[in-house]
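Chains as they are written, first to last, in the working numbering: chain A, 13 to 403; chain B, 2 to 195. Even glycine gets a Cβ: it sits at the ideal position worked out from N, Cα and C. Data block below; observations after.
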């Protein structure tokens, strides 16, 4: 088979792994593809590169395609999400003085109890509380808003969510520009190691199944290039499956650590895959279980209801109509394209393309394309649910 | 007569910033501010209340400006990313030059275009200079490696410099590689063997 090159953009983070692994471990080559991986210094840069056609596909924060569909943020052509690249993988941390105050007040820093952590934080936080996130349209921002507003902290009076690019997060927390942050790895651990910060809560404790990064393409590209896009989706799907095998993680960390990719120590990457964290402030190590998921539980399936939740949250904050925003949002997550690409593989996909987000209080079995599908717990910490058919 | 456009340039490197300022001064009369410090970037920009913000695409702090595009508080000015569908050729040229511009909503194209044209041209020039510098540096590095490899071959085989170079070149040609790569492999192996 002739090898076709595809330019694919990414931001150097541990959850860019499916794209890097697809190229390095031969999953792309098996589909007759060569991924020309292009590193971007910022999300806005990557969004523009995809918009004007410098890349054909990109690693992207799940809320960016939704925000673009709602006309929020910098102008861009529309995007479509053909796969989810990763579920969860964010961490909330505190500046040293705030962490010390919470420790002295007796908070246990288990990283998993969102209600307890949030109440303890609100009790001691300055007003307004300033939290740094990587981008205005990010799962980080959505999780922080949902968490603290559900616990009664109003925004913007008492909560300011501010954009701080992850490489600058350590400086911002040390300089007192922000009181807390929500960021992916390796940056949360870097803030602990170099900024005196302490970790407070794994993002998955707010929403246990939050779509974090997605594989985005320009609207219309996948339909215009059905063969090429299907090969890309399959290669990335197999890379995700490989990544979620425990044996793969050391090698994956080695690959990502290379100077041309993340250029950090492999051990910094591996601990994120294993869910082991140094809390900082002398509080010791914690194991949060699966910190980031690439494949298990059909993690790569782009549920329309995931986009619906994001759209509805963005609309509520920016004063748009929630129901119509949810509908525009849902159209960007192309579960149909994802499904068609994987039709003749061993992938077990869900029978439905939309579901009530937050309604699965335990791991369960749901009907799949062939046989049953393991469906992981999917709850919000406050018990809230998003029913796409209700809007 | 509209008031002069106020332009903020976000650029940490003073030499680079000066080049852009010079280009803008040639293009017209503007109030220009340079912000070199990325901490509290949003606050600093709001302080100047600019009509146009120019930022280097390679800088991760660009994402901080996205927030300004959303700002709608009473003291904040609405800022829109110029790179949109209204002028695709200009937008694409800016992106390819590695330049991003945020522009206050409602400014006419006639007032913005000279600013962007000048900035794009200067960005392209600076990028070219940087590429050339990188190439020169690489060539120098390779020269050094080839010299060390030559020395190794001379000592091991007891031949003179010219013969050592000829041997390296022949090996490179046989293996369809560059001389610098063959030399690098030899230097690395020699280091491994002690």
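Under 8 Å, with one C-beta from each stretch per pair, do the region 33–41 of chain A and the region 185–200 of chain A reach the 3-pair mark?
No, the region 33–41 of chain A is not in contact with the region 185–200 of chain A.
With respect to the beta strand (DSSP E) encompassing residue 105 (chain A), which residues constitute its N-terminal and C-terminal limits?
Its beta strand (DSSP E) spans residues 102–106.
What does the alpha-carbon distance come out to for the pair residue 25 (chain B) and residue 18 (chain B)?
The straight-line gap from Cα to Cα measures roughly 11 Å.
State the Cα-Cα distance for the pair residue 243 (chain A) and residue 183 (chain A), rounded to the nearest angstrom.
Their Cα atoms are separated by approximately 41 Å.
Which residues in chain A sit within 8 Å of residue 60 (chain B), going by Cβ to Cβ distance?
Correct list: 53 and 54.
Which chain B residues are close to residue 147 (chain A), counting only those with a beta carbon under 7 Å from its beta carbon?
Within chain B, the residues near residue 147 (chain A) are 64 and 67.
Confirm, please, whether the CB-CB distance from residue 78 (chain A) to residue 319 (chain A) is below 8 Å.
For residue 319 (chain A) and residue 78 (chain A), yes; Cβs fall inside 8 Å.
Going along the chain, which residues of its own chain have a beta-carbon closer than 7 Å to the beta-carbon of residue 203 (chain A), five neighbours each way excluded?
Contacts found: 105, 181, 182, 185, 193 and 209.
If you check the beta carbons only, do residue 187 (chain B) and residue 123 (chain B) fall under 8 Å apart?
In this structure, residue 123 (chain B) does not lie closer than 8 Å to residue 187 (chain B) by Cβ.
In chain order, what residues of the same chain lie with their CB nearer than 6 Å to the CB of residue 55 (chain B), ignoring the 5 residues before and after it?
Only 10, 102 and 120 meet the Cβ criterion.
Any idea what DSSP makes of residue 205 (chain A), helix, strand or coil?
Note: residue 205 (chain A) maps to helix in three-state DSSP.
Against residue 400 (chain A), what residues of chain B qualify as contacts under a CB-to-CB distance less than 7 Å, listed in chain order?
What residue 400 (chain A) touches in chain B: nothing, since even the nearest Cβ is about 26 Å away.
State the DSSP-derived secondary structure class of residue 401 (chain A), mapped to helix, strand or coil.
Of the three classes helix, strand and coil, the one that applies to residue 401 (chain A) here is helix, per DSSP.
In whole angstroms, give me the CA-to-CA distance for residue 133 (chain B) and residue 205 (chain A).
Their Cα atoms are separated by approximately 38 Å.
Given a cut-off of 8 Å, decide if residue 48 (chain A) and residue 20 (chain A) are closer than it, judged by their beta-carbon atoms.
Yes, the pair counts as a contact, with Cβ atoms nearer than the cut-off.
Below 6 Å CB to CB, which residues in the same chain sit around residue 165 (chain A) once its five sequence neighbours on both sides are set aside?
Excluding sequence neighbours, residue 165 (chain A) sits near 134 and 171.
Rounded to whole angstroms, how far is the Cβ of residue 286 (chain A) from the Cβ of residue 270 (chain A), which I believe are closer than 8 Å?
That pair is no contact at about 20 Å.
Are the CB atoms of residue 95 (chain A) and residue 238 (chain A) nearer to each other than 8 Å?
Not in contact: residue 95 (chain A) and residue 238 (chain A) (Cβ atoms no closer than 8 Å).
Nearest to residue 353 (chain A) by CA position, among A:281, A:253, A:399 and A:245, is which residue?
Minimum Cα distance to residue 353 (chain A) is reached at A:245.
Which residue marks the beginning of the alpha helix (DSSP H) containing residue 248 (chain A), and which one marks its end?
Looking at the DSSP string, the run of the alpha helix (DSSP H) that includes residue 248 (chain A) is 238–255.
Consult DSSP for residue 183 (chain B) and reduce its assignment to one of helix, strand or coil.
Helix.
Using a 10 Å radius around the Cβ and a threshold of 16 neighbouring Cβ atoms, would you call residue 64 (chain B) buried or exposed?
When all chains shown are included, residue 64 (chain B) counts as buried.
Consider the Cβ of residue 230 (chain A): report whether some Cβ of chain B lies at a distance smaller than 8 Å.
So no, residue 230 (chain A) is outside the interface.
Using 8 Å as the threshold, is the region 58–74 of chain A in touch with the region 273–288 of chain A, meaning 3 or more CB pairs across them?
Too few Cβ pairs lie closer than 8 Å, so no.
How would you call residue 116 (chain B), buried or exposed, if buried means at least 16 neighbouring beta carbons within 10 angstroms?
With 16 or more Cβ atoms within 10 Å of its Cβ, residue 116 (chain B) is classed as buried.
Where residue 125 (chain A) and residue 114 (chain A) are concerned, what is the direct C-alpha to C-alpha distance, given to the nearest angstrom?
If you take the alpha carbons of residue 125 (chain A) and residue 114 (chain A), they lie about 14 Å apart.
Can you grab the Cα-Cα spacing for the pair residue 192 (chain B) / residue 166 (chain B), in whole Å?
Taking the straight line from one Cα to the other gives about 20 Å.
What are the boundary residues of the beta strand (DSSP E) that includes residue 48 (chain A)?
Start and end: 45–51.
Any Cβ of chain B within less than 8 Å of the Cβ of residue 140 (chain A)?
Not closer than 8 Å to any Cβ of chain B, the Cβ of residue 140 (chain A) fails to qualify, so no.
Going straight from the alpha carbon of residue 249 (chain A) to that of residue 312 (chain A), what length do you get?
Answer to the nearest angstrom: the Cα atoms are 7 Å apart.
Indicate whether at least one CB of chain A lies closer than 8 Å to the CB of residue 39 (chain B).
Chain A, which has a Cβ nearer than 8 Å to the Cβ of residue 39 (chain B), makes this yes.
Within 8 Å of any Cβ in chain E, is that where the Cβ of residue 96 (chain B) sits?
Here chain E cannot be found, since the structure's protein chains are A and B.
Alpha carbon to alpha carbon, how far is residue 23 (chain B) from residue 16 (chain B)?
Going from the Cα of residue 23 (chain B) to the Cα of residue 16 (chain B) covers about 11 Å.
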